[in-house]
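S.K.: First the structure, then my questions, so here it is.
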Amino acid sequence: MIYGVMVFWGWLNIYSATYDEHQSIFDFSINSGRQLMFIVTSIFLILAILIIDMRFYEAFAYIIFGLIMFLLLLVPFIGKEVGGNRSWLGVGSFGVQPSEFAKFATALAVAKFMGTIGFRMDNIRNQAAAFAFIGGPIILILMQKDYGTAMVFLVFLLVFYREGMSPFLLLVGLGVAVIFILTLLVENNWYLFGAIGVAWALVIFMNRRKKIKRLAVITIGAAVLVVTIMSVEFIFAKLLEPHHQRRVMVLLNPDLDQLGAGYHVYQSKVAIGSGGVIGKGFLKGTQTKLKFVPEQYTDFIFCTIGEEYGWLGSLIMVGLFMSLLFRVVFLAERQKNRFARVYGYSVACIFFFHFATNIAMTIGLFPVIGIPLPFFSYGGSSLWAFTALLFILLKLDAHRMHVLQRL
Amino acid sequence: MNEGRKEIIQFVFVLIGFVFLVKLFFIQIVEDSYKNLADVNAIRKEVQYPIRGIIKDRNGKLIVYNNPEFDLMIILREVKNLDSARFCQVFEIDQQQLRALFKSFQTEIRNRKANELQPYPFIRQLSNYDLARIQDRIDEFRGFFIQVRTTRAYASTAAANAIGYVSEISKRQLDNQKEHIYRQGDYTGQSGIEAYYEEYLRGTRGVKYLMRNKDGVIKGAYEDGKYDTLSVPGQDLTSTIDLTLQEYGEFLLKGKAGSIIAIEPATGEILSMVSGPSYDPNLLTGKNYSENYVLISNDSLKPLFNRPLMAQYRPGSIFKVAQAMVALQEGVITPETRIRCDRSIINCHGAHTNEDLRGAITNSCNPYFREVLRRMLQKGKANNPFDDTRIGLEEWDKHIMSFGFGKRLGIDLPNEKRGLVPSPAYYDRAYTGRPWKFSNIYSLAIGEGENLVVPLQMANFAATIANKGYYITPHLVKSIGNSGVPLPQYIARHYTTIDSANFRVAADAMQQVVESGTAQYRAKLKDIVVCGKTGTVQNEPKADHSVFIAYAPAVNPKIAISVYVEFSGQGGRAAASIASLMIEKYLLGGTQRPNIEDYVLKGKFE
Chain A
1 MIYGVMVFWG
11 WLNIYSATYD
21 EHQSIFDFSI
31 NSGRQLMFIV
41 TSIFLILAIL
51 IIDMRFYEAF
61 AYIIFGLIMF
71 LLLLVPFIGK
81 EVGGNRSWLG
91 VGSFGVQPSE
101 FAKFATALAV
111 AKFMGTIGFR
121 MDNIRNQAAA
131 FAFIGGPIIL
141 ILMQKDYGTA
151 MVFLVFLLVF
161 YREGMSPFLL
171 LVGLGVAVIF
181 ILTLLVENNW
191 YLFGAIGVAW
201 ALVIFMNRRK
211 KIKRLAVITI
221 GAAVLVVTIM
231 SVEFIFAKLL
241 EPHHQRRVMV
251 LLNPDLDQLG
261 AGYHVYQSKV
271 AIGSGGVIGK
281 GFLKGTQTKL
291 KFVPEQYTDF
301 IFCTIGEEYG
311 WLGSLIMVGL
321 FMSLLFRVVF
331 LAERQKNRFA
341 RVYGYSVACI
351 FFFHFATNIA
361 MTIGLFPVIG
371 IPLPFFSYGG
381 SSLWAFTALL
391 FILLKLDAHR
401 MHVLQRL
Chain B
1 MNEGRKEIIQ
11 FVFVLIGFVF
21 LVKLFFIQIV
31 EDSYKNLADV
41 NAIRKEVQYP
51 IRGIIKDRNG
61 KLIVYNNPEF
71 DLMIILREVK
81 NLDSARFCQV
91 FEIDQQQLRA
101 LFKSFQTEIR
111 NRKANELQPY
121 PFIRQLSNYD
131 LARIQDRIDE
141 FRGFFIQVRT
151 TRAYASTAAA
161 NAIGYVSEIS
171 KRQLDNQKEH
181 IYRQGDYTGQ
191 SGIEAYYEEY
201 LRGTRGVKYL
211 MRNKDGVIKG
221 AYEDGKYDTL
231 SVPGQDLTST
241 IDLTLQEYGE
251 FLLKGKAGSI
261 IAIEPATGEI
271 LSMVSGPSYD
281 PNLLTGKNYS
291 ENYVLISNDS
301 LKPLFNRPLM
311 AQYRPGSIFK
321 VAQAMVALQE
331 GVITPETRIR
341 CDRSIINCHG
351 AHTNEDLRGA
361 ITNSCNPYFR
371 EVLRRMLQKG
381 KANNPFDDTR
391 IGLEEWDKHI
401 MSFGFGKRLG
411 IDLPNEKRGL
421 VPSPAYYDRA
431 YTGRPWKFSN
441 IYSLAIGEGE
451 NLVVPLQMAN
461 FAATIANKGY
471 YITPHLVKSI
481 GNSGVPLPQY
491 IARHYTTIDS
501 ANFRVAADAM
511 QQVVESGTAQ
521 YRAKLKDIVV
531 CGKTGTVQNE
541 PKADHSVFIA
551 YAPAVNPKIA
561 ISVYVEFSGQ
571 GGRAAASIAS
581 LMIEKYLLGG
591 TQRPNIEDYV
601 LKGKFE
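Line order of the protein sequences matches chains A and B.
Mapping of the first sequence onto this note's numbering: position 2 corresponds to residue 2, and the numbering continues sequentially without gaps.
Mapping of the second sequence onto this note's numbering: position 180 corresponds to residue 180, and the numbering continues sequentially without gaps.
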C-alpha cells in the first residue's frame, strides 16, 4: 500500500518537475513517461520476486552478491560516463547502475552470513568477515568515485549493532565526524588543541588518584584527538575531490557561494521554503517548473514536494517514510530466522539512510551527495533495486511459517 | 541482550524524521524570505514604459515626438561567466571602459541607488546602429537585456524654451515627489510645457510579470497575466503656437537677445513666444545630455533663460499708453487736454510743443506724461504732499495691476516672473522710513524708474488694448488630446478697471503712432492698419533696449505682439521692424517689405 502511494506520488512529481508546456504525463520522451515504464516493469519484477521460491534468495545470496560484485568490477572498464561518475552499464538506450543492485545483493549476503548457525557478532573473526561483506562493495564503488552510494553501505553498521555489535564503533565514528566538522568550522586549530589540553588536564585532575594505566589511556586518547585534527586538513585536501570539498564547505557556511557550489542547496532551499504551509499546488511550483533546482527529478525531487505541497506535503511524505520504516522493522522483528531478520533490518536501514541523507541534503543539513529518494526519484535502476529490496522481504515474510516448519 | 536495540534504532528513525519536520517548518513556514527569493528567481517584472504624449502646433504640425531608445540593462545577480573580451567586442568598448562601467555601478550599489537584483541601465541609449548588431548576441551575456523606451525628438528646433526639455529625474525630484510615481531612471519634463503638463504627457507605466527559467529564458506570463497592467500612453497636446510664425520669429531674432510674444487677443492663445538666444533642443536628448546641458547652462548668453517670462525689464514709453488710460479713468485729463512740452525737468525728443493726449502718445512726449502722473498722484486729497502721493499711488497701482502688471498672469509654464508695480510699502522700504512724494518717483510716468514688467505682460497689454478692456490669460496649450476643447482656466475674461471708451482713445493714439508718429517708418503697412507704441528703455551706460507693442488689424484684431530687443537703440527701429514683420507674416503669409527684413537680419539698428 505505502509502496503504491509513494510510487504514484513520485511519478506525479517527476511529471511536475519536468513539466514544460503541454506534454502528456505519458509522453515517453520525457522522464515521467519513462518512469511509468519503470513502474510497470517493477510490477513484473514484484510478480517475479513473489513467484520465485523463497529459499532461492537464501541459497543464491552469495551467488547474486558475487555476480553484482563482478559487474561492479567491470564498471570502471566498460561503464558509461554520466555526470562525471562512471557507474553505468549500458544496456541498449537505458543504462543500469550495478551499484544500486549491490545494495540488496549485499543485504542478502550479509543476512545469509549472519544467519549462519554459530555466527557471533562478538567473535572478532566473524565480525571481520561481516565487515568484509560491506567493505567489498564500498571499495568497488569508491573506484567509480560514487562516494554517496559507497556511504550507503556504512548503514550496515546499524544492522550489525542490532545484531550485537558493540556501540563503541558507532560512537567513535560519530565522534570522529563531529571532530572533523569542528575542525573545518573553527579556523584556527590551536583553539581545538587548547580545548583538548584543558579537557585533558581536567580529566587527569579528576582521575588523579587513579592508576597510572588509566592516566595513560586518557593521555593517549587526547593525543589521538590531536592527531585526528591535524589529519583533517590532509584528508580534506588530499583525499576529497575539489567539488566535494566545496560542497562540505558550503554546508558549513551556506552563504559562501550561492551561485557556485552552494547553488544546489541554495536553490533547493528556496524552492522548498517558498512552498509555505500548503504549497503552490500541482504543477504550480515556479522554482521546480522553471528548472532552478538542478537534478530536481532525481536527487532533488523532494523540492517539488516541498514547493508544490508545502509543509503539509512534507509532513505526509515524512509520515509515509516513517510508516514504511516501522513496518519494515516490525516485519524484521517478527521473522523467525536470523537470515530474514538481518535482511529486514538491512532493508530498513538502507531505506532510512537514503531517506535521511536525501532530505538532509535538500534542506542543507548534509553535503550534496548523489543519493536518490527511494520510490520518488526518477531512475530505473534505483526503483527496481528498492522494489526488489522491499519485496524480497515481503516474500520472506509471507513464508516465515515455512521456515519454522523446516527447522 | 539485543532486545533494547530495536527501540534505539526506531528512536533514531523518529528522531531524524522529527528533525526534518522541524527544519522544514522553519524554512517553509517561519522564514518568509524564501518566498521572495523564489519570486526573484522565477518572475521577471518588466516595466512597460508608456509613450509620452506628443506636442503639435495649432495647425496640427508636429513639434515634439518620440524616438525609440534602447538601454542595456543589467541584473548583477544574474550575471554569470561574463566573457569580458567578447562583451567589449560586441559593445565596442575597451576593457578599461568596461571596468569603469562596473566600477560606477558598484558605487551606485554602495550608495544604495541601485541593487544587485533590480535592473539597472548599464549602458544608456545604445544607438540604432549598435542595436542591430547587439540584438542577436544579447543572449550570450546572462544578466543583460535590452530595454526599449522613448526619448524626445524635435521636428523643429523652434520654441525650445516654451516647449522645454525632458531628462532623467534628479535625486532631489525623486525624494520630493508626493505620490510615488517616479523611480530612479525615469524621465520627466524639466521645463516649459514638458514640465507644466507633465501629468498629462507622461501616461501610466504598465507592468508585466513574466516567468523565466534558470537560464533567463522567458516561459510566458506569470499566472496568465493576472497581475499585469497595461501602460497607458500619455495624452497628446495641441499647442497654441503657430510653428511657421514661431520659426520666423526665431529667424528674425537670430543673433540678438530679447523676446517676441504674439497673442491672439480674442482667445489669449500665444501664437509665438521667441526667446533669444535659444538652443537646439536636440542637444538635450540622447546620449550626450549631461555634457550638452553643462555647455548650454554655462553659456554666457543664457539660452535656457526664458526671457518672455523671466526677464524683468523697465517697460519704457509703452507704459505711457497705460498711463493715459488710467488718467482718463481717474478723470484728471480728457483726450483734449493739452500740456506744454516743458523740457526743463524731463527731456523730450522731436519737434512738438503743446500736444493733446493723442499727440502726446504719437510723439511720446515725456513732459506731458510727467504732468499726467502728477495730476493722478497729487489730487489734494490729503493735507501734505507725502500722504497725497501715497493715496494717489495706491489708486494708480490698482489700475495698473488690473492690466496684469506686477503679478503672474498664470501662463501654463513654470517660472513666470511677476515684474514690479511699486506700492507705497515698496517706497517705504526703499526710502527706509524717510518721506517720499511725487517728485521722487515721477520716472514712473514714462515707464522708467522702479517699474518692472516681463515681455509676456507687454504682449498681454497689447492684447488687452486690442480687446478694448479685457484679456484672457495667455497660454500655450490649446487643448489636451485632440479634442480641440479649450482648457477651462483659459476662457474667463479678465476685465481691467478702465472703461472701454478710454481704451478707444488709447487705440486711436496707437494707430497714430504707426501712422505718423515714432513708428511710422518701420511699422506702417500698406494693407493692414497696425496700432502700436514704441519704447526706448534707458540702459546707461550701455545702449538702450528697443521695445514695441502692437496689434493688428485695428478693427477686429487678430494678433497682438510685444517685441523687446536688448541693447538695440530706439523702439521705432529694431522692435517696431520685427513686430511689423511678424504681423505681416501672420496675416499675409510673408513680408511685402524685404528691405525691412534685411534691415532686421543685418542687426545694425542705426
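We put the CB at the ideal spot given by N, CA and C, even for glycine.
Flag Ser-84 (chain B) as yes if its beta-carbon sits less than 9 Å from any beta-carbon of chain A, otherwise no.
M.R.: Taking Cβ atoms only, chain A never reaches closer than 9 Å to Ser-84 (chain B), which makes this a no.
S.K.: Considering only the alpha carbon of each residue, which of B:Gly-392, B:Leu-452 and B:Phe-438 lies closest to Phe-405 (chain B)?
M.R.: The option with the nearest alpha carbon to Phe-405 (chain B) is B:Leu-452.
S.K.: Taking CB distances under 9 Å as the criterion, tell me whether Ile-9 (chain B) reaches chain A.
M.R.: Cβ-Cβ to chain A under 9 Å: yes for Ile-9 (chain B).
S.K.: Please determine, among A:His-264, A:Arg-120 and A:Met-322, the residue with the shortest C-alpha to C-alpha distance to Pro-367 (chain A).
M.R.: Ranking A:His-264, A:Arg-120 and A:Met-322 by Cα distance to Pro-367 (chain A) puts A:His-264 first.
S.K.: Look up Val-270 (chain A) in the DSSP assignment and say whether it is helix, strand or coil.
M.R.: Val-270 (chain A): helix per DSSP, three-state reduction.
S.K.: Which residue comes first and which comes last in the alpha helix (DSSP H) that contains Gln-125 (chain B)?
M.R.: Not the alpha helix (DSSP H): Gln-125 (chain B) falls in the beta strand (DSSP E), residues 120-126.
S.K.: Is Ser-84 (chain B) buried or exposed, if buried means 16 or more other CB atoms sit within 10 Å of its CB?
M.R.: Per the 10 Å Cβ criterion, exposed.
S.K.: Output, in chain order, the set of chain B residues within a Cβ distance shorter than 7 Å of Trp-311 (chain A).
M.R.: Correct list: Leu-24, Phe-25, Gln-28 and Ile-29.
S.K.: Three or more beta-carbon pairs under 8 Å between the region 473-482 of chain B and the region 565-576 of chain B, yes or no?
M.R.: Short answer: they don't touch.
S.K.: Can you confirm whether His-22 (chain A), when its beta carbon is compared against all beta carbons of chain B, has any partner nearer than 9 Å?
M.R.: Because the pLDDT at His-22 (chain A) is just 42, under 50, the model does not fix this residue reliably, and the point stays unresolved.
S.K.: I want to verify the contact list: residues of chain A whose CB lies under 8 Å from the CB of Leu-37 (chain B), in sequence order.
M.R.: Chain A residues near Leu-37 (chain B): Val-270, Gly-273 and Ser-274.
S.K.: Could you have a look at Thr-188 (chain B) and say whether DSSP puts it in helix, strand or coil?
M.R.: Thr-188 (chain B) falls in the strand class under three-state DSSP.
S.K.: Can you name the start and end residues of the alpha helix (DSSP H) that Lys-103 (chain B) belongs to?
M.R.: Residues 95-110.
S.K.: Start and end of the beta strand (DSSP E) containing Val-274 (chain B)?
M.R.: From DSSP, the beta strand (DSSP E) with Val-274 (chain B) extends over 269-276.
S.K.: Along the chain, where does the alpha helix (DSSP H) that runs through Lys-585 (chain B) open and close?
M.R.: Element bounds for Lys-585 (chain B): 574-588.
S.K.: Is there a Cβ from chain B that is less than 9 Å from the Cβ of Glu-100 (chain A)?
M.R.: Closer than 9 Å: no.
S.K.: Consider the Cβ of Gly-136 (chain A): report whether some Cβ of chain B lies at a distance smaller than 9 Å.
M.R.: Gly-136 (chain A) does not count as touching chain B.
S.K.: Alpha helix (DSSP H) containing Leu-396 (chain A): first to last residue?
M.R.: Its alpha helix (DSSP H) spans residues 380-398.
S.K.: Since Phe-70 (chain B) is in the beta strand (DSSP E), which residue starts that stretch and which ends it?
M.R.: Residues 62-74.
S.K.: For a cutoff of 9 Å on Cβ pairs, would you count Ile-613 (chain B) as touching chain A?
M.R.: Residue numbering for chain B in the displayed model covers 1 to 606; residue 613 (chain B) lies beyond these limits and cannot be assessed.
S.K.: In whole angstroms, what is the alpha-carbon distance linking Lys-417 (chain B) and Phe-305 (chain B)?
M.R.: Taking the straight line from one Cα to the other gives about 12 Å.
S.K.: Of all the alpha helix (DSSP H) runs that stay within the bounds of the region 155-181 of chain B, which reach a length of 4 or more residues?
M.R.: The region 155-181 of chain B contains these whole alpha helix (DSSP H) runs: 160-163 and 171-176.
S.K.: Using a C-beta cutoff of 9 Å, does Leu-407 (chain A) count as contacting chain B?
M.R.: Here the model assigns Leu-407 (chain A) a pLDDT of 41, short of 50, so the residue's position is not dependable and the matter cannot be decided.
S.K.: Could you tell me whether any Cβ in chain B is nearer than 9 Å to the Cβ of Leu-393 (chain A)?
M.R.: No - not a single Cβ of chain B is within 9 Å of the one on Leu-393 (chain A).
S.K.: With three or more beta-carbon pairs closer than 8 Å as the criterion, would you say the region 163-172 of chain B touches the region 283-292 of chain B?
M.R.: Judged by Cβ distances under 8 Å, the region 163-172 of chain B makes contact with the region 283-292 of chain B, as three or more pairs qualify.
S.K.: Any Cβ of chain A within less than 9 Å of the Cβ of Gly-17 (chain B)?
M.R.: Gly-17 (chain B) counts as touching chain A.
S.K.: Would DSSP call Ala-552 (chain B) helix, strand or coil?
M.R.: Note: Ala-552 (chain B) maps to strand in three-state DSSP.
S.K.: For the beta strand (DSSP E) that Ile-561 (chain B) lies in, which residues bound it at each end?
M.R.: Counting along the chain, the beta strand (DSSP E) containing Ile-561 (chain B) begins and ends at 559-565.
S.K.: Within a Cβ cutoff of 8 Å, which residues of the same chain sit near Gly-92 (chain A), ignoring the five residues on either side of it in sequence?
M.R.: Because the pLDDT at Gly-92 (chain A) is just 47, under 50, the model does not fix this residue reliably, and the value given afterwards should be weighed accordingly. Same-chain partners within the cutoff: there are none.
S.K.: So the candidates are A:Ala-360, A:Leu-393, A:Tyr-62 and A:Phe-101; which of them puts its Cα closest to the Cα of Thr-149 (chain A)?
M.R.: When only C-alpha atoms are compared, the closest one is A:Phe-101.
S.K.: Counting only Cβ-Cβ distances shorter than 9 Å, please list the residues of the region 309-334 of chain A near chain B, keeping chain order.
M.R.: Of all residues in the region 309-334 of chain A, Gly-310, Trp-311, Ser-314, Leu-315, Val-318, Gly-319, Phe-321, Met-322, Leu-325, Phe-326, Val-329, Ala-332 and Glu-333 have a Cβ within less than 9 Å of some Cβ in chain B.
S.K.: Mapping the DSSP letters down to three states, classify Ser-516 (chain B) as helix, strand or coil.
M.R.: Three-state result, Ser-516 (chain B): helix.
S.K.: Does Ile-117 (chain A) have its Cβ less than 9 Å from a Cβ in chain B?
M.R.: Not one chain B Cβ lies under 9 Å of Ile-117 (chain A).
S.K.: Taking buried to mean at least 16 other C-beta atoms within 10 Å of its own C-beta, is Gly-331 (chain B) buried or exposed?
M.R.: By the neighbour-count rule (16 or more Cβ atoms within 10 Å), Gly-331 (chain B) is not buried but exposed.
S.K.: Taking buried to mean at least 16 other C-beta atoms within 10 Å of its own C-beta, is Arg-370 (chain B) buried or exposed?
M.R.: The residue is buried, with at least 16 neighbouring Cβ atoms inside 10 Å.
S.K.: Does the Cβ-Cβ distance between Gly-469 (chain B) and Asp-499 (chain B) come in under 9 Å?
M.R.: Going by C-beta atoms, Gly-469 (chain B) is nearer than 9 Å to Asp-499 (chain B).
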